[in-house]
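Below you'll find the structure, written out as structure tokens, and then a few comments.
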Amino acid sequence: MTRRISAAGVVLVLLVGGVLAGCSSDDDSGSASKPTTTAAGATTSTTAKGTEYSRTPFLDAPKGKLEDVDCWWDLGEVDPSVTVKCQTLTVPADWGDPDSSDKVVLPVATLHKDGVPTDGSPVVILHGGPGGALLVDAPASVSKGPLVAQHDLVLYDQRGSGRAEPSLNCPEKEQAVMDALTTTDPVAVELKRNVEATQACRDRLVGDGIDLNDYNTIASVNDLDALRDALGFEKWNVNGGSYGTRLGLAYARQHPDRVRALALDSVYPTQVGDLDRAVNNPPRALERLVDECSGDADCKAAFPDLAKTVDDAAKALDDKPGEVTLKLTFAGKEQEKTYHVVGSDFRSGMYAALYQNAIIPLIPKVIGDVANGDYGILPTYLQTAGPLLTGLSEGAYLSIDCADSGRLLDGATAEDVVGDGEFFIYAMALAQTFCSQWDVAPLPPSFNEPAVPDVPTIIFAGTLDPVTPYTDSKEQAEAMPNAKFVLAPRGGHGDAGFDDCTRKAFMDFLADPSADLPACVKDLQAPKFILGG
Numbered sequence: 022m023t024r025r026i027s028a029a030g031v032v033l034v035l036l037v038g039g040v041l042a043g044c045s046s047d048d049d050s051g052s053a054s055k056p057t058t059t060a061a062g063a064t065t066s067t068t069a070k071g072t073e074y075s076r077t078p079f080l081d082a083p084k085g086k087l088e089d090v091d092c093w094w095d096l097g098e099v100d101p102s103v104t105v106k107c108q109t110l111t112v113p114a115d116w117g118d119p120d121s122s123d124k125v126v127l128p129v130a131t132l133h134k135d136g137v138p139t140d141g142s143p144v145v146i147l148h149g150g151p152g153g154a155l156l157v158d159a160p161a162s163v164s165k166g167p168l169v170a171q172h173d174l175v176l177y178d179q180r181g182s183g184r185a186e187p188s189l190n191c192p193e194k195e196q197a198v199m200d201a202l203t204t205t206d207p208v209a210v211e212l213k214r215n216v217e218a219t220q221a222c223r224d225r226l227v228g229d230g231i232d233l234n235d236y237n238t239i240a241s242v243n244d245l246d247a248l249r250d251a252l253g254f255e256k257w258n259v260n261g262g263s264y265g266t267r268l269g270l271a272y273a274r275q276h277p278d279r280v281r282a283l284a285l286d287s288v289y290p291t292q293v294g295d296l297d298r299a300v301n302n303p304p305r306a307l308e309r310l311v312d313e314c315s316g317d318a319d320c321k322a323a324f325p326d327l328a329k330t331v332d333d334a335a336k337a338l339d340d341k342p343g344e345v346t347l348k349l350t351f352a353g354k355e356q357e358k359t360y361h362v363v364g365s366d367f368r369s370g371m372y373a374a375l376y377q378n379a380i381i382p383l384i385p386k387v388i389g390d391v392a393n394g395d396y397g398i399l400p401t402y403l404q405t406a407g408p409l410l411t412g413l414s415e416g417a418y419l420s421i422d423c424a425d426s427g428r429l430l431d432g433a434t435a436e437d438v439v440g441d442g443e444f445f446i447y448a449m450a451l452a453q454t455f456c457s458q459w460d461v462a463p464l465p466p467s468f469n470e471p472a473v474p475d476v477p478t479i480i481f482a483g484t485l486d487p488v489t490p491y492t493d494s495k496e497q498a499e500a501m502p503n504a505k506f507v508l509a510p511r512g513g514h515g516d517a518g519f520d521d522c523t524r525k526a527f528m529d530f531l532a533d534p535s536a537d538l539p540a541c542v543k544d545l546q547a548p549k550f551i552l553g554g
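22 is the number of the first residue of the sequence shown in my numbering; add one for each residue after it.
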């Protein structure tokens, strides 16, 4: 009963609530012809080779309209010493046509704690994704964290995401990816359903008058600087995690004079996004876990060949899929379904588990339990997987990631990314799988040049990060003229909050970007694997 692998198949972590986790828009070829218009209405430029690039311009002084509004949630759980001010920022949908009536409205919340001086050192938080959010819920935990005790904070949802209007959320796609966990159908069948759901979302958004080519990181850089200007800040500290690091790097590259300090966690560089990464991130992540276990005496004693144990666990689920009936909320509603977890789902789940520092010590034991037929972890797996698979605004994720990096895929199709389906559910939640279908104009090659702004920077990474491998963060830090690097041993995705030492490094840096790293970063300790019980 091996779902998704058949012969007939297809060949934030942000430090907020206690520490959670120079470029031109011109075509590099110099051969752009007059602008043309795509079927979706976007302005593009055609090169001599016939490639149409997005003409979303970087603007030196983008402007938006900031208005006070009632907050979107009850503030009863917010620390009473923290004032939350809610606003909206209205900006052009198309920064190349700022006088158009088409606008994007971004929700904004600023937090100020009594007694904190307004000293020109605010921190803006850039969420991940793309397509994540910061303002779906009230910022209660943020109001009680260490960062707001020293800095005013600016939180906002990026275009297409969270509470931003218009929303590019795709309930059609959420339904399809979760439904894929309820069947044991072959790869080709389930891929077809997900392709159709993705197309249905695209058709609906375009039918609603949304130009998907308005959604890319250049547009978000303009949004971010329009927000800084509207709030009246000459400079600010920029803190991004995951995709937020790409936005932060692109912003600092464009406006280095407006960044006091840049704090990045789990770097997603501007130059990555090719097919090799899309296909091989999951197996490489599991290989790093296997190597980590092999290098740990206790883990190696418990699991002498963890790679084989992974294969055994996947085979056990293929031979006898795990069956779990649960109520989960996705596609805008609570739904009770019976899920059938097979081997490829488990592999994708172990990949996803490597995101979370709190879970990593348990992963070898979980793998061993499943290999031995103990499926007790599966309800927790599904409760964790649901939000990971459906928590983004999928239309924003697809539009932005495919515009930013789609050119690097070199025409790869969904079938190319899915391959034999060994990590099928992972592939269904990945933008690169659907870029050829989503069909947005790519940003020009200049965007994909490495962003190495000369601003004070601190970068955090974890050795087991599955989605933004720590080597990317390390290389980013080494390439920058003024960057510090902190590597968390056995850390996952989002490591500024790895332990007290990394939290101190983060807070010290924002207090004084020129300060040395605390001595404790040289002696960070890997969390012990939990192998018994």
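From the three backbone atoms N, C-alpha and C, an ideal C-beta is built for every residue, glycine too. Note that the structure is predicted; figures quoted are calculated from it, not measured.
Boundaries of the alpha helix (DSSP H) around Tyr491: 491 to 500. For Trp257, the pairing in a beta bridge is given by DSSP as Val280. Under the 10 Å beta carbon count, Gly97 is surrounded by fewer than 16 other beta carbons and is classified as exposed.
Contact check for Ala284 against Leu531 passes: the beta carbons are separated by less than 8 Å. In the three-state scheme derived from DSSP, where H, G and I count as helix and E and B as strand, Gly265 is classed as helix. Here the alpha carbons of Tyr360 and Leu347 stand approximately 8 Å from one another.
In this structure, the alpha-carbon of Leu552 lies about 18 Å from that of Leu399. DSSP places Gly153 in no beta strand (DSSP E); its state is neither H nor E.
Unbroken beta strand (DSSP E) stretches of 3 residues or longer found wholly inside the region 84 to 145: 86 to 89, 103 to 113, 124 to 134, given in chain order. With contacts defined as CB atoms closer than 8 Å, Ser188 and Val103 fail to qualify as a contacting pair. The beta carbon of Asn215 sits closer than 6 Å to the beta carbons of Ala197, Met449 from its chain, once the five residues preceding and following it are set aside; these are given in chain order.
Cβ-Cβ separation between Asn190 and Ser414: approximately 5 Å, consistent with a contact (criterion under 8 Å).
Around the beta carbon of Ala247, 16 or more other beta carbons lie within 10 angstroms, which makes this residue buried.
One alpha carbon belongs to Gly389, the other to Phe324, and they sit about 8 Å apart. By the C-beta density criterion, Lys549 is exposed, having fewer than 16 other C-beta atoms within 10 angstroms. As the crow flies, the alpha-carbon of Pro466 is around 20 Å from that of Thr434.
For Ser75, the enclosing beta strand (DSSP E) has its first and last residue at 73 to 75. Counting along the chain, the unbroken alpha helix (DSSP H) around Phe527 starts and ends at 521 to 532.
The C-beta of Pro303 has 16 or more other C-beta atoms within 10 Å across all chains shown, which makes the residue buried. Approximately 5 Å separates the beta-carbon atoms of Asp366 and Ile446; this is inside 8 Å, confirming the contact. The Cβ atoms of Ala114 and Asp235 lie closer than 8 Å to each other. Rounded to the nearest whole angstrom, the CA to CA distance from Val438 to Met199 is 19 Å. Between the alpha carbons of Val99 and Ser162 lies a distance of about 7 Å.
If you look at Gly513, you'll find it isn't in any alpha helix (DSSP H); DSSP assigns it neither H nor E. With 16 or more neighbouring CB atoms inside 10 Å of its own CB, Ala337 falls in the buried class. Residue state for Tyr402 is assigned as helix, using DSSP reduced to three classes. By the CB criterion at 8 Å, Ser241 and Arg180 fall inside the cutoff. Where Gly343 is concerned, there is no enclosing alpha helix (DSSP H), although the beta strand (DSSP E) around it starts and stops at 343 to 351. With a threshold of 16 other beta carbon atoms within 10 Å, Ser182 meets it and is buried. Comparing alpha carbon positions, the residue from Pro463, Asp244, Phe519 closest to Glu73 is Pro463.
A contact between stretches requires three or more CB pairs, one per stretch, nearer than 8 Å, and the region 522 to 542 meets this requirement with the region 168 to 175. In the structure shown, Tyr177 adopts extended strand secondary structure according to DSSP, grouped into three states. By the CB criterion at 8 Å, Thr523 and Phe481 fall inside the cutoff.
Distance from the CA of Cys456 to the CA of Asp319, rounded to the nearest whole angstrom, comes to 43 Å. Per DSSP, Ala536 is not a residue of any beta strand (DSSP E), being assigned neither H nor E. Contact between the region 203 to 210 and the region 150 to 157 is absent: fewer than three C-beta pairs spanning the two stretches fall below 8 Å.
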